[in-house]
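Here is the structure we will look at.
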Amino acid sequence: MVHKAKSDQDAAEVFIQLVGDKIRELRTAKGLSQEKLGELSDLNSNYIGQIERGEKSISVYTLKKLSNGFSLSLEELFAKIDPASHTSDLEKITSLIQERPTEEHAKILALLRAALNLKDGTY
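Take any residue in the sequence shown, note its place counting from 1, add 145, and you have its number in the working numbering.
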């Protein structure tokens with residue numbers, strides 16, 4: 146769903162709806178009913194429905210409860226709600242390689258190529 150905002154109030158409403166949409170997507174992807182997520186999160190299932198419909202602005206503590214219900218860390222839940230604000234996998238890979246001594250870079254590249262060739266069946 147594409148959302149656009151004209152003012153801070155509009156932006157807040159759009160973000161609240163985005164959070165609700167993402168919570169619903171996560172819940173359905175995990176095969177959970179609102180009742181089961183409520184049970185796992187220690188939240189009322191009616192409240193879960195209000196969150197998903199964008200009717201409620203929720204606290205960080207409620208996000209923490211939801212992350213527990215999804216068996217995710219709060220960081221993982223934030224990444225699913227607002228992935229653009231988090232480091233991409235490519236940036237993570239680059240960072241990991243940069244942390245290694247320079248003399249290991251060629252070995253890492255060779256391992257990566259071998260893994261990709263194995264995956265593609267071109268080994």
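Note that CB positions come from ideal geometry on N, CA and C, so glycine has one too.
Per-residue DSSP class, three states only, for residue i
i: D187; result: coil
i: R198; result: coil
i: R245; result: coil
i: D265; result: helix
i: S218; result: coil
i: L177; result: coil
i: D153; result: helix
i: A255; result: helix
Whole-angstrom distance between residue j and residue i, CA atom to CA atom
i: I226; j: G266; result: 35 Å
i: L182; j: E200; result: 18 Å
i: G194; j: L208; result: 14 Å
i: V164; j: K237; result: 25 Å
i: L171; j: L217; result: 11 Å
i: Y192; j: S233; result: 32 Å
i: Q154; j: F223; result: 21 Å
i: L177; j: L219; result: 19 Å
i: L261; j: A255; result: 10 Å
i: L241; j: R258; result: 16 Å
Burial state of residue i (16 or more Cβ within 10 Å)
i: V205; result: exposed
i: I253; result: exposed
i: Q243; result: exposed
i: A150; result: Here A150 scores only 48 on pLDDT, less than 50, and its place in the model should not be relied on; the value that follows carries that caveat. Label assigned to A150: exposed.
Among the options, nearest to residue i - alpha-carbon criterion
i: S202; options: I161, T239, G214; result: I161
i: L211; options: K175, D234, E244, R245; result: K175
i: R198; options: L188, I168, L185, P246; result: I168
i: E184; options: E249, Q243, F215; result: F215
i: S186; options: N213, I196, D166, A156; result: N213
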